[in-house]
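Chains as they are written, first to last, in the numbering used here: chain H, -17 to 124; chain L, 4 to 511. Using N, Cα and C, we set each Cβ at its ideal position, and we do this for glycine too. In this text the structure is predicted, and so the values were computed from the model without any measurement.
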Amino acid sequence: MLAASLFLFVLTLELKPNPLVPIGPGFYPRLVLGLTAVLAAALVAFDFFGKRKARTEDKANYSAVVLHFAVFGVYVVALPWLGFRIATLAYIAAANALFEPAKSAKGWLRVAAIAIIATVVVYFLFERYLSVLLPRGRWTDL
Amino acid sequence: MYELLADGLVNIVQAKYLLPLFLGTLAGIIGGALPGVTITMTIIVVLPFTFGLDPLQGLAAMTGVYVGGSAGGLVTAVLLGLPGTPSAIATTFDGHPMAKKGEPGRALWIGVWASFFGGLLGGLFLIGATDPLAKFALQFGPWEFFSLFMLALSMVAGLAEASLLKGLIAGAMGLIVTVLGNDPVMGQERLTLGIPFLRGGIDFLPVLIGVFAFAQIMGEIERRGAHSLATEVNRSVKLTVSHAKVIWEVLSRPFQLLWCSFIGVLIGVLPAIGGSAASMMAYDQAKKFSRRPEAFGTGTPEGIVASESSNNANVGGSLVTIMAFGIPGDAVTAVMLGALTIHGIQSGPLFISQNTQLAYGIFAAYLLAHPIMVLILALGARWMLRAVTVPKAALFPIVLVLCVIGAYALNNTMANVYVLLAFGVLGYLMVKFGFPLAPFILGVILGDQIEINLVRSIMTDSDPWLFLTRPISGALLGASALSMAFAFWQHRRMQRKTPAAIGGGTDF
């Protein structure tokens, strides 16, 4: 945070003043970024010189979190190429299957059914009834 | 005023408004009842459905979600001991013991009727106070608005979470988001880092959706693990009661009902201190004023009345802040603010005078959402328990798809979806590192307005002392300094008492 605010602060120095606004477009960003840098530096100092807290045992399932972020990231990247229908169908099926792996053929059928029904319902509801245009695929034109 | 409210009620009972209100209330109750799905997430999911509707239809649906969600949390809190929303935590203290003693119906319906009456009392405040407060705010110049926004931000940063410094940094981070892109006064390009999309600045809705949806869903996944996202429940409970008896049980405590609703309204008016703080504080107050404080926690109706009346009255208070000042009281009203912006409507002191029909339509929707909420729970409380068994592994991807639609449909551009993902990661990391989300979001929402009013005031008169010497502005800045001092003192005191006690959060 400290580095980012200092970097942006330096960039504000390049902003040219506007003749109509005496304080210019850089005044407020410099104020905010300067304040952030000071606060971030104070936090670093407190963390460095303050008492260290004993870490509690962490039983969080980070691998599941990273996995879901990754799957969602692939979905977001694929959306403009595959289009809403194909990308969403694949995403819901993949995310569902990764979180709760099916143990039988019936389970896999359920995963597929949820993905198909959810995609179809959402697509028709938004495109047909709520006039919301969803992304079309550059590769698929769907 | 009564004539306008009557017009609003006549308007809202038309099928085209009643249906979104009903569906919104139903969605709110289901979302509120589902542990791990808060009202915020429910309203984020409902948001894209409102894009194709007219403003009152969309806001009626959102008002329904807010009212329904505030009551829905009590179903699982009472019957399963699992609060569906943070605002129902205090309801579990007495609601669940009463249910376990063999009176689940009584426990549930005391909660429902207390929510109903508390909500209506909040509604009285909403209708009575919004217009005078908005008229008062019309006297404000840029100095006063700047100071008011600083007060809101400092209160949220100070009261929101454990570390005051982290609260302030989170608020400043929110302000940084708003300085990227063209400056809001003259439209001059700045800090775009060579990214064309940043020229228009970053919309706050994808930021809000990303931050809250991911922080919550990833938090759930992280806590429960990937393979245990379903819940088992017993659905064979009997919920039939004599409603006259239960209503009498609630109304026979008029002082408690009024006092707890007042606490709810007051907490609602303050930005970012939501229903959970209101219900806890009301519960504590009810216990202090009770003749039998020892009965609290064992299944006393007083505990349920206190918690539920305050958390529903809280909704009324939150709506006042956004309708009179344009400052969202919590994440739900922040999304409502976004919905207004999508329809080109500016919230703030002029909102009620420029959009009278819409404002009174929202009041009417708020009032009508309460009997609808009672009706839905009367017909389907048992079915709400079935909703709890919906596997989260299937639910969460669908929620995230709806978040994508919500972000994409704002301008029909993928850039907003990338913003959603980027801020989803940021929101999750902020929570992990102990940075509160409330000041961050408020910073994103108020950043442009803070800058506009600061620049306008300096352009009008370059004397910086005017911020302190103008009475209202000075008083607001004084209150801001006091709130920071109080927050500092409180954090120090808590640190001395018990470091582990610091934590909790807000409903923003």
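Taking CB distances under 9 Å as the criterion, tell me whether residue i reaches chain L.
i                   : result
serine 86/H         : no
valine 114/H        : yes
threonine 18/H      : yes
alanine -15/H       : no
phenylalanine 30/H  : no
valine 14/H         : yes
glycine 8/H         : yes
phenylalanine 106/H : no
Quick check on the DSSP output: the alpha helix (DSSP H) that includes residue i runs from which residue to which?
i                : result
asparagine 419/L : 418 to 435
glutamate 305/L  : 304 to 328
glycine 105/L    : Note, glycine 105/L: premise wrong, no alpha helix (DSSP H); not H, not E.
glycine 204/L    : Here glycine 204/L belongs to no alpha helix (DSSP H), and DSSP marks it neither H nor E.
methionine 283/L : 278 to 292
glutamine 259/L  : 257 to 272
threonine 161/H  : Residue numbering for chain H in the displayed model covers -17 to 124; residue 161/H lies beyond these limits and cannot be assessed.
glycine 300/L    : From DSSP, glycine 300/L is part of no alpha helix (DSSP H); its letter is neither H nor E.
proline 394/L    : Segment: none, proline 394/L is in no alpha helix (DSSP H) and carries neither H nor E.
arginine 459/L   : 440 to 463
glutamate 252/L  : 246 to 254
threonine 101/H  : 87 to 106
Check whether chain H comes within 9 Å of residue i, counting only Cβ atoms and requiring the distance to be less than that.
i                  : result
lysine 19/L        : no
aspartate 186/L    : yes
leucine 62/L       : no
alanine 175/L      : yes
glycine 126/L      : no
alanine 229/L      : Low per-residue confidence applies at alanine 229/L: pLDDT is 44, beneath 50, and the placement is therefore not dependable, though the value from the model is reported in the following sentence. Output row for alanine 229/L: interface = yes.
methionine 221/L   : yes
phenylalanine 52/L : yes
tyrosine 431/L     : yes
glycine 427/L      : yes
proline 394/L      : yes
lysine 169/L       : yes
glycine 161/L      : no
Is residue i close to the ligand FAD? I mean its beta-carbon at under 8 Å from any heavy atom of the ligand.
i            : result
serine 245/L : In the structure shown, the ligand FAD is absent, as is every other ligand, since no ligand is present at all.
Go ahead and pull the three-state DSSP assignment for residue i.
i                   : result
phenylalanine 195/L : As written in the sequence, residue 195/L is threonine, which differs from the phenylalanine given in the question. Coil at threonine 195/L, not helix or strand.
proline 1/H         : coil
histidine 373/L     : helix
asparagine 43/H     : coil
asparagine 358/L    : coil
threonine 88/L      : coil
isoleucine 348/L    : coil
tryptophan 468/L    : coil
glutamate 82/H      : coil
proline 38/L        : coil
glycine 8/H         : coil
valine 54/L         : Looking at the sequence shown, residue 54/L is not valine but phenylalanine. Here phenylalanine 54/L sits in coil by DSSP.
histidine 230/L     : Summary for histidine 230/L: the model assigns pLDDT 47, below 50, so the residue's position carries little reliability, and this model does not support an answer.
threonine 45/L      : helix
proline 187/L       : coil
leucine 353/L       : coil
glutamine 17/L      : coil
glutamate -4/H      : coil
glycine 65/H        : coil
leucine 113/H       : The sequence given here places serine at residue 113/H; leucine does not occur at that position. Coil at serine 113/H, not helix or strand.
proline 23/L        : helix
valine 59/H         : helix
aspartate 97/L      : helix
arginine 473/L      : coil
aspartate 10/L      : helix
methionine 65/L     : helix
Practice task
Quick one: which unbroken beta strand (DSSP E) runs of 3-plus residues sit fully inside the stretch 134 to 167 of chain L? Chain order, please.
Solution key: Here no run is fully enclosed.
Practice task
Determine which residues of the stretch 401 to 416 of chain L have a Cβ less than 8 Å from any Cβ of chain H, and write them out in chain order.
Solution key: Taking 8 Å as the Cβ-Cβ cut-off against chain H, the residues of the stretch 401 to 416 of chain L that qualify are Ile401, Leu403, Val404, Leu405, Val407, Ile408, Tyr411, Ala412, Asn415.
Practice task
Can you give me, in chain order, the residues of the stretch 66 to 99 of chain H that have a beta carbon less than 9 Å from any beta carbon in chain L?
Solution key: Against chain L - using a Cβ distance shorter than 9 Å - the residues of the stretch 66 to 99 of chain H are Phe66, Thr70, Tyr73, Ile74, Ala75, Ala76, Ala77, Asn78, Ala79, Leu80, Phe81, Glu82, Pro83, Arg92, Val93, Ile96, Ala97.
Problem - Residues within the stretch 469 to 489 of chain L neighbouring chain H, beta-carbon criterion of under 9 Å - result: Using a CB distance below 9 Å, no part of the stretch 469 to 489 of chain L faces chain H.
Practice task
Anything in the stretch 47 to 61 of chain H with a Cβ closer than 7 Å to a Cβ of chain L? List those residues in chain order, please.
Solution key: Those would be Val47, His50, Phe51, Phe54, Gly55, Val58, Leu61, in chain order.
Practice task
With 7 Å as the C-beta to C-beta threshold (strictly closer), list the residues of the stretch 449 to 463 of chain L near chain H in chain order.
Solution key: Identification of residues in the stretch 449 to 463 of chain L having a C-beta nearer than 7 Å to some C-beta of chain H yields Glu454, Leu457, Val458, Ile461, Met462, given in sequence order.
Exercise for the section: For the stretch 184 to 209 of chain L, enumerate the residues whose C-beta is nearer than 7 Å to any C-beta of chain H, in chain order. Expected result: Residues of the stretch 184 to 209 of chain L that bring their beta carbon within less than 7 Å of a beta carbon in chain H comprise Asp186, Val188, Met189, Gln191, Arg193, Leu194, in sequence order.
Handout entry: Members of the stretch 316 to 333 of chain L near chain H, C-beta cut-off 8 Å
Key = Of all residues in the stretch 316 to 333 of chain L, none has a Cβ within less than 8 Å of some Cβ in chain H.
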